[in-house]
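Going down the list, the sequences are from chains E and R. Under our numbering, the very last position in the first sequence is 350; numbers go up by exactly one each time. Under our numbering, the very last position in the second sequence is 350; numbers go up by exactly one each time. Notes follow the structure.
Number of protein chains: 2
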Amino acid sequence: MDTQSLQQLADLLKALGEYNRLSLVYELCGCEKPQNAMCLCECCSVDASVASRHLKILAEQDIVRIEKSGRERKYSLNRQKIANELRLLAERVEGSERCAANDDQAVSGG
Amino acid sequence: MDTQSLQQLADLLKALGEYNRLSLVYELCGCEKPQNAMCLCECCSVDASVASRHLKILAEQDIVRIEKSGRERKYSLNRQKIANELRLLAERVEGSERCAANDDQAVSGG
DNA sequence: GACATATTTGCACAAATAAGCAATAGTTTG
DNA sequence: CAAACTATTGCTTATTTGTGCAAATATGTC
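Below you can see the structure in the form of structure tokens.
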């Protein structure tokens with residue numbers, strides 16, 4: 241894994257790793273229909289500007305999608321992308337014991 | 241999901257969501273044998289004290305396990321725990337469209 | 001005990017982050 | 001155009017975070 245991909249993954253995880261942003265994600269989890277920012281800022285009881293900034297960060301990481309709808313903006317979760325990234329990491333972490341060859345001469349006796 | 245669990249999940253993701261810490265995790269990914277901090281601090285070219293602090297944060301989140309071995313401490317990945325948490329979130333994000341009932345009267349027609 | 005090795009802690013500092021409020025921008029309605 | 005509503009941006013502030021160096025701690029060796 242190259243430096244840049246690692247950085248991107250770190251950025252994704254960081255975006256998810258803040259309480260209010262994760263609250264937004266969970267809120268969107270439970271919504272089939274895209275929600276506007278006013279609705280979302282209530283779920284974590286912060287100022288609208290704060291929600292707006294958090295949603296921007298989530299959008300930059302492609303975690304949420306934005307569609308304009310009149311004077312509103314409707315946010316929805318990029319479910320598949322998030323799930324894919326998380327599963328990829330899960331597999332990497334879980335299943336790479338075969339990479340033990342990286343270890344100098346490995347375990348305890350070849 | 242209650243406030244505290246959400247906070248804990250956010251903390252876990254935050255711990256993973258920093259470049260050098262994620263580097264440490266990836267490094268440990270490729271190691272079957274537990275590694276000591278000296279070895280690990282090389283992988284992200286930081287001071288030993290920095291690696292120590294990062295590893296402490298990872299340990300607090302139960303991402304890495306520590307075993308004392310003489311004057312060293314050997315770190316290894318808590319593979320199953322990480323994978324579980326990530327998959328749980330993935331499923332939650334991906335599969336909760338059935339929760340649409342939360343939406344007021346849902347989609348577009350009953 | 002003196003010394004070497006491995007790790008952690010205290011301290012200082014720069015940079016990043018989250019937050020709220022006020023002002024601004026974009027859109028719909030009158 | 002004015003007014004109402006939705007969302008974003010500019011500004012400031014307080015807090016957190018990541019970092020390196022030096023000192024301290026812990027352990028093993030001579």
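For glycine and all other residues, C-beta sits at the position ideal for the given N, C-alpha and C. The model shown is predicted, which means the values in this text are computed figures rather than measured ones.
Using a 10 Å radius around the Cβ and a threshold of 16 neighbouring Cβ atoms, would you call residue 263 of chain E buried or exposed? It is buried - the Cβ of residue 263 of chain E has at least 16 other Cβ atoms within 10 Å.
7 Å Cβ cutoff, residue 319 of chain E in contact with chain R: yes
Quick one: what does DSSP say residue 293 of chain R is sitting in, helix, strand or coil? helix
Put residue 313 of chain E into one of helix, strand or coil per three-state DSSP. strand
Please confirm whether residue 257 of chain E has its beta-carbon closer than 7 Å to some beta-carbon of chain R. yes
Closest by CA to residue 310 of chain E, which one among E:254, E:256, E:283 and E:276? E:276
Return no unless some Cβ of chain E is closer than 7 Å to the Cβ of residue 327 of chain R. yes
As assigned by DSSP and simplified to three states, the class of residue 334 of chain E: helix
Beta-carbon within less than 6 Å of residue 297 of chain R's beta-carbon, same chain only, minus the 5 sequence neighbours each way: which residues are those? 255
Contact with chain E by residue 333 of chain R, beta-carbon distance below 7 Å: Yes, residue 333 of chain R counts as interfacial toward chain E.
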